[in-house]
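Visitor: Take this structure first; my questions come after.
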Amino acid sequence: MTPTTDKRERASASNTPPLKNLNDQLGRVTRRFVRPGGAQRGAGRMVVALLLAMALFTFLNPRVFLSPINLQNIAVAAPEIGIIAIAMMLVMLTGGIDLSLVAIANFSAITISTLHTAIAATNPDLANSLGFVIVLAGIGAGMLGGAFNGFLVSVVGITPILATLATMQIYNGIAIVWTGGSTLYGAPTVLGAIGQAALANVPVLFIIFVITAILVAVLVNRTALGRMIQLEGANPVAARYSAIPTRAVLMKTYTVGGMLAGLAGVLFLARNPTASADYGSSYVLLVIVIAVLGGTNPTGGFASVFGVVLATLTLQVVSSGFTAIRLSSYEYAIAQGVILIAVMILDSVMSTRTRRPPKTTPPPGVATPTSDTSLIRT
Amino acid sequence: MELARKLRGTNNEGVLALVLLGLIVAMSIANPTFFTLNTGFSILRSSIVPVIFALGVLIVVITGGIDVSFAAIAIFAGYSTVTFCLSAGFDPGLPGIFLIAIGVGAALGLINGVVIARFNLPTLIVTLGTQGIFFGAMYTYVGATYYADLPKSMADLATSNLFDITTDIGRAYLHVLVVPVLVLCLAVGWMLKRTMFGRSLYAIGGDIEAARRAGFQVKRTQISVYMLVGALAAIAGVIHIVLSRSANPRDLVGGELDIIAAVILGGAAIFGGRGSVTGTVLGVLLVQVIKNSLLLVGVPSAWLRTAVGVLLVVGVGIQAIAARRDARRMRVIQDLDTEQKTEQELAS
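Here's what the structure looks like:
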């Protein structure tokens, strides 16, 4: 699609005046930002929201909010939530939902911490040199958790919300038994180093987040699997008749989701070398909020990775801004809920406004009863 | 065949009852202390609050929605009522307390209902949002202190028992609040089966568009449903505070999923249109009995979450596989139909 349009543009560029050409190009770019269809709307909306939030808190308390430490804190705290939100977006793209992602992330962190502690007990040097392998084992544990979700959803045929509700309890329960309900200490030193490191004042954790987002964006927008995931979410029946291997697609989606959650577990440990079964239990709500704010359609088919990244940053900004102007975390919970519902209402109002004209062509209020009675009489 | 089908029930209540019975028998053989009046009464007592919650969740699930804000509504209504009574220094008596709480609960439910019905939004995500709002609002505007002393009428209710029998292994007592729960179960069951409102819930859950065209007031019904759930949750919240003899704003929230799991186990379909009070009560009892028996067998209570999760996977998995088999069978019948038709066409 893109090569042909490019060719046409180049052809038209050769025999049109440069000013008109520039104007056209400007128009195209503006249109792409201003009037985007479907998923792009989330990204555009979140750019505005992010700038608004930044401006608001800068205005309210510039000394605290704009301090480099605060900005760095935002960049360090955002990745773990953001990556789980991207995983949630991916699953929501198929029309499902994954409530077990946070439990999987904790499970991965606990796996890494336990492995490291077990090896370090006999040979600390070996444990540190094996750091990378241990981290991979943690991500593998996440993949396994995701694959089990995928199995329940695709092969057994359980509704995603119920399947992941159950596996959330299972993973969480196993984690509680495993840790005895206490917090584990100890993680490979590699992780601690990554958590502390920064490239040109940008924390490495944030760079990992951006790279992950780009990879997922490529997966969704540029691969066959990504296209099949989108089609599956947009219309499962049509997808089945288009010979899309529904089971395999769902299986892969949930496995990738679990893998991303496992990666988030690694980031938990990189930020703070402790692991526990109930870490981040409030993330389950937060992550759904972020995914929906970022333009993900909860019924499937449409999503934007860029939008989710922006939504993550916006909510982090709001959260740290609330702290900067000394509001409690409970007020932040209210704000989260209000933002979520306000955005969904706005979306619903906008979509009904654009959809209304064809609906009102046959006047519904008066015409239907008469036609109904006439049908009954005949 | 007819009798077997009747015993099995429309929502597998019979199977559930059988599983429950089997579990009780097995537990009684494994550990004789299980089969006592004490255990039975304590299971009943521990099911009081979950059963009321489950009734509310059942109503929502039948309409095809899901509500995860009910626990936040319950603690909001119960806690703010107690705070109000204590700070105003007067005791309106039990009916007054319940009325205030129900009013608060229904008002919060109204918010859910209006947002969901007016804008056609996904119920899970709306109630996740309102859950945060309600909980945050309670902490910010009502307070976060723990009250160890309740108003006198509530404190008195906490210690009144229906039966108080001393058996050879200790006192067995059945709390008086079992009675209102029973009344609520009967009332909800009657409403679902015998009233037009109940019918409309099933109709909306079965196919919302079909219900609209059949003349049901879909939006109005949806709003009433969420108000009803808010009211039920408020009752459960007050009862929880009475039973725990203290008002702790941190209670209840976090256990929503266990209740939803119990309702689904009880045969309600998550897509709506199916579910019964009998099944729901059996589902809650099953979860409670398993909790109790795990402890008695000596399984650490940490496994509880996992056990409920596994139970849910098995229960829902069986339903899913059965549904798929039914769908396949229907398709086979359809194929036969089309074959016959083509044959007839060929013959003519």
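The listed protein sequences correspond, in order, to chains A and B. Using this note's numbering, you'd call the opening residue of the first sequence number 10 and step up by one each time. Using this note's numbering, you'd call the opening residue of the second sequence number -19 and step up by one each time. Cβ coordinates follow ideal geometry from the N, Cα and C atoms, glycine included. Remember, predicted model here, so these are calculated numbers, not experimental data.
(1) Which one or two residues does DSSP pair with A/V211 in a beta bridge?
(2) Is there a C-beta anywhere in chain B that falls below 8 Å from the one on A/I95?
(3) Look at the Cβ atom of A/M353, then the Cβ atom of B/I91, and state whether they are nearer than 8 Å.
(4) May I ask you to report which of helix, strand or coil DSSP gives B/I145?
(5) Around the Cβ of A/L224, are there at least 16 other Cβ atoms within 10 angstroms (buried) or fewer (exposed)?
(6) Could you give the distance in angstroms between the alpha-carbon of B/I219 and the alpha-carbon of A/I143?
(7) Which residues does DSSP list as the beta-bridge partners of B/A227?
(8) According to DSSP, what are the bridge partners of B/R151?
(9) For A/V296, decide whether its Cβ has a neighbour in chain B, counting only Cβ atoms nearer than 8 Å.
(10) In chain order, what residues of the segment 174 to 193 of chain B put their CB closer than 9 Å to some CB of chain A?
(11) Per DSSP, which one or two residues make a beta bridge with A/T283?
(12) Can you pull out the residues from the segment 78 to 106 of chain B whose beta carbon lies closer than 8 Å to at least one beta carbon of chain A?
(13) Can you list the residues of chain A that B/A241 reaches, using a CB-CB cut of under 9 Å?
(14) Mapping the DSSP letters down to three states, classify A/A64 as helix, strand or coil.
(15) Helix, strand or coil for A/G335 per DSSP?
(16) Output the distance between the C-alpha atoms of A/K29 and A/L319, rounded to the nearest integer angstrom.
(17) Does chain B have any CB closer than 8 Å to the CB of A/A6?
(18) Using only CA atoms, which one of B/D306, B/S27, B/S281, B/P12 lies nearest to A/G189?
(19) Quick one: what does DSSP say B/D306 is sitting in, helix, strand or coil?
(20) For A/T168, return the contacting residues in chain B, with the cut-off set at a CB-CB distance below 7 Å.
(21) List the endpoints of the continuous alpha helix (DSSP H) containing B/I46.
(22) Do you know how far the Cα of B/I145 is from the Cα of B/R179?
(23) Between the segment 321 to 336 of chain A and the segment 66 to 75 of chain A, can you find at least three pairs of beta-carbon atoms closer than 8 Å?
(24) Would you say B/T110 and B/S49 are within 8 Å of each other, going by their C-beta atoms?
(25) So B/Y119 contacts chain A; which residues on that side make the cut at Cβ distance below 7 Å?
(26) Within 10 angstroms of its Cβ, does A/D107 collect 16 or more other Cβ (buried), or is it exposed?
(27) Pick from A/F74, A/I203, A/P282, A/M98: whose alpha carbon is nearest that of A/I299?
(28) Taking DSSP as the reference, what is the three-state secondary structure of B/D238?
(29) Please specify which runs of the beta strand (DSSP E), each continuous and at least 3 residues long, are wholly inside the segment 57 to 145 of chain A, giving them in chain order.
(30) With a threshold of 8 Å between beta-carbons, can B/R308 be considered close to chain A, or not?
(31) Figure out for me which residue from B/R254, B/T260, B/T139, B/E(-7) has the closest Cα to the Cα of B/P30.
(32) Taking only the alpha-carbon atoms, compute the straight-line gap between A/P169 and A/A130 and give it to the nearest angstrom.
(33) Please determine, among B/I80, B/A52, B/F251, the residue with the shortest C-alpha to C-alpha distance to B/T63.
(34) Just the chain A side, please: which residues come within less than 8 Å of B/F115 by C-beta, in chain order?
(35) Express the C-alpha separation of A/Y194 and A/I148 in angstroms, rounding to a whole number.
(36) Cβ of B/R200 less than 8 Å from any chain A Cβ?
Guide: In terms of the structure at hand:
(1) A/L208
(2) no
(3) no
(4) strand
(5) exposed
(6) 49 Å
(7) B/Y127
(8) B/T146
(9) no
(10) R193
(11) A/Y194
(12) V95, F99, N100, L101, P102, L104, I105, V106
(13) L171, L174, A175, Q178
(14) helix
(15) A quick correction: the sequence has Arg, not Gly, at residue 335 of chain A. If DSSP states are grouped into helix, strand and coil, A/R335 belongs with coil.
(16) 34 Å
(17) Outside the shown range of chain A (10 to 387) lies residue 6 of chain A, about which nothing can therefore be said.
(18) B/S281
(19) helix
(20) I250
(21) From DSSP, B/I46 is part of no alpha helix (DSSP H); its letter is neither H nor E.
(22) 43 Å
(23) yes
(24) yes
(25) Y339
(26) buried
(27) A/M98
(28) helix
(29) none
(30) no
(31) B/T260
(32) 40 Å
(33) B/I80
(34) Y339, A342
(35) 19 Å
(36) no
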